[in-house]
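Everything below concerns the one structure shown next.
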Amino acid sequence: MEAGIINFLSRGEKVLCGCNGKFGERWAEVATAYGLEVDTVTAEWGQPLDPEQFRAKLEADTNKEIKAVIITHSETSTGVINDLETINRHVKAHGALMIVDAVTSLGAVHLPIDEWGIDVVASGSQKGYMIPPGLGFVSVSEKAWEAYKNANLPRYYLDLGLYRKSAKKNTNPFTPPVNLFFALQVTLQMMKKEGLENIFARHQRLTKISREAVKALGLSLFAADECASPAITAVAPPEGLNAEDVRAVVKKKFDIILAGGQDHLKGKIFRIGHLGFVSDRDILTAIAALEAALRELGYEGFTPGAGVAAAARVLAES
């Protein structure tokens, strides 16, 4: 993410950041830290960014002061996926760079970077690519490389030009995590064997399984179906229960970790992950554990087995 900013922009330039969760807000924080002028398009946490707000701000920018638009594709702090295709179309009409955090969408959802003409896309090894953190992936368009030539923000280790030069010699400018390259080779072979379309379908299936199970348990989904992230499902616990208590019981009793809420959502939501190396069995097990935890905490707003039954129905219909 930081490399996506410092390699293509200069101090004092204006950027437009989409903020509808923890990671969108982080983009704005990074841009501010480097002395960029930051404007924002915001939405409540749990809601998607509105492409029309981007269109309006970009069309009003007749002097082309906005040099880049920066958004998070899959906002996992809230379980929302943003309409990148439409937002990118407005950005292309304006002429600004399109910079995207695809950390939890690349490898999980169809993202045709070249076809859509997205300038900078950043991702990481620890999400859809299923290996430990430590490798960052950045794709850069020719338009972005032209911007690189005049960008003046300080950079050293994250100078992508150094990596580009080294790649031509089949080497690296600095010591790389070689162990992760070997791990990545294995997971890429796994992904090739499964096939991208099957991978995308699996993520959609796991998303639907999770959401239908949650509904059957009488719990509230934090994001609407039409903007549900394929990476994670955010759930609000029943009234009177703290999400951290639900997480604690699931972990203690079943050795399953559900992610918690961040910032002001801590204790108010928990998140079921279904990104990367996650199977149908994993989600069915997690739903069963969630049911048991809710019962132990005194919640009786569902018929025992309802969540697992709903999940099984989705699986049978897939």
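For the sequence shown, full-length UniProt numbering begins at 1 and goes up steadily by one. Heads up, the beta-carbon is just placed ideally off N, CA and C, and yes, glycines get one too.
Among the options, nearest to residue i - alpha-carbon criterion
{"i": "S210", "options": "D282, G298 and V15", "result": "D282"}
{"i": "A286", "options": "L265, A259 and K266", "result": "A259"}
{"i": "N198", "options": "D255, K208 and H110", "result": "H110"}
{"i": "N82", "options": "D225, D263, K64 and N242", "result": "D225"}
{"i": "G21", "options": "I87, R205, I256 and A234", "result": "A234"}
{"i": "A311", "options": "E212, L241, M190 and G240", "result": "E212"}
{"i": "G307", "options": "P238, G301, I256 and V214", "result": "V214"}
{"i": "S125", "options": "S74, I99, G276 and L217", "result": "G276"}
{"i": "M191", "options": "G218, N172 and M130", "result": "M130"}
{"i": "N152", "options": "R11, R295, F302 and D280", "result": "R11"}
{"i": "C227", "options": "L162, F8 and S74", "result": "S74"}
{"i": "Q204", "options": "T42, G273, F54 and G35", "result": "G273"}
{"i": "P173", "options": "P238, L158 and T86", "result": "L158"}
{"i": "T207", "options": "P112, A231, G301 and K193", "result": "A231"}
{"i": "V41", "options": "I87, K149 and S77", "result": "I87"}
{"i": "L262", "options": "V249, A243, K251 and V250", "result": "It should be noted that the sequence gives Gln, not Leu, for residue 262. The option with the nearest alpha carbon to Q262 is A243."}
{"i": "G301", "options": "I269, E317, A316 and L241", "result": "L241"}
{"i": "G305", "options": "E2, A216 and A3", "result": "A216"}
{"i": "A238", "options": "G267, K252 and S229", "result": "The sequence as given places Pro at residue 238; Ala does not occur at that position. Ranking G267, K252 and S229 by Cα distance to P238 puts G267 first."}
{"i": "D280", "options": "Y299, A316, K251 and F270", "result": "A316"}
{"i": "G117", "options": "T187, V100 and A108", "result": "V100"}
Separation of residue j from residue i, as counted between CA atoms
{"i": "A223", "j": "K165", "result": "43 angstroms"}
{"i": "F84", "j": "G134", "result": "The sequence as given places Leu at residue 84; Phe does not occur at that position. About 26 angstroms."}
{"i": "I6", "j": "R313", "result": "48 angstroms"}
{"i": "A201", "j": "W45", "result": "26 angstroms"}
{"i": "D61", "j": "V278", "result": "44 angstroms"}
{"i": "E115", "j": "F254", "result": "44 angstroms"}
{"i": "A144", "j": "A68", "result": "10 angstroms"}
{"i": "L106", "j": "V120", "result": "13 angstroms"}
{"i": "H264", "j": "K168", "result": "46 angstroms"}
{"i": "G95", "j": "K64", "result": "8 angstroms"}
{"i": "I257", "j": "R247", "result": "7 angstroms"}
{"i": "A289", "j": "E52", "result": "41 angstroms"}
{"i": "S141", "j": "E2", "result": "17 angstroms"}
{"i": "L294", "j": "A309", "result": "16 angstroms"}
{"i": "N150", "j": "L9", "result": "8 angstroms"}
{"i": "F270", "j": "A236", "result": "7 angstroms"}
{"i": "L219", "j": "E296", "result": "16 angstroms"}
{"i": "Q47", "j": "L97", "result": "24 angstroms"}
DSSP state of residue i mapped onto helix, strand, coil
{"i": "M130", "result": "coil"}
{"i": "R11", "result": "coil"}
{"i": "T40", "result": "strand"}
{"i": "G260", "result": "strand"}
{"i": "A234", "result": "strand"}
{"i": "A223", "result": "coil"}
{"i": "F54", "result": "helix"}
{"i": "V186", "result": "helix"}
{"i": "F181", "result": "helix"}
{"i": "L49", "result": "coil"}
{"i": "A228", "result": "strand"}
{"i": "E239", "result": "coil"}
{"i": "L16", "result": "strand"}
{"i": "E59", "result": "helix"}
{"i": "L300", "result": "Residue identity differs from the one stated: residue 300 is Glu in this sequence, not Leu. It is coil, neither helix nor strand."}
Segment limits, alpha helix (DSSP H) that includes residue i
{"i": "D245", "result": "A243 to F254"}
{"i": "Y288", "result": "In the sequence under discussion, the amino acid at residue 288 is Ala, which differs from the Tyr named in the question. Unbroken alpha helix (DSSP H) run through A288: D280 to E296."}
{"i": "V214", "result": "L196 to A216"}
{"i": "S166", "result": "L160 to K168"}
{"i": "G276", "result": "Run containing G276: none; DSSP gives neither H nor E here."}
{"i": "I87", "result": "L84 to H94"}
{"i": "W45", "result": "Careful: W45 lies outside any alpha helix (DSSP H) and carries neither H nor E."}
{"i": "V314", "result": "A306 to E317"}
{"i": "D114", "result": "I113 to W116"}
Where the beta strand (DSSP E) through residue i begins and ends
{"i": "L97", "result": "L97 to D101"}
{"i": "T72", "result": "I66 to T72"}
{"i": "S139", "result": "G136 to V140"}
{"i": "T32", "result": "Note, T32: premise wrong, no beta strand (DSSP E); alpha helix (DSSP H) at K22 to A33."}
{"i": "I5", "result": "Here I5 belongs to no beta strand (DSSP E); instead the alpha helix (DSSP H) covers E2 to I6."}
{"i": "G124", "result": "V120 to G124"}
Cβ distance (whole Å) where residue i is taken to contact residue j below 8 angstroms
{"i": "I71", "j": "G24", "result": "7 angstroms"}
{"i": "A33", "j": "C17", "result": "A33 to C17, Cβ: 13 angstroms. No contact."}
{"i": "E37", "j": "E59", "result": "Rounded, the Cβ-Cβ distance is 19 angstroms, inconsistent with contact."}
Proximity test, Cβ basis, 8 angstroms: residue i and chain D
{"i": "M190", "result": "The chain labelled as chain D is not found in the depicted structure, where only one protein chain is given."}
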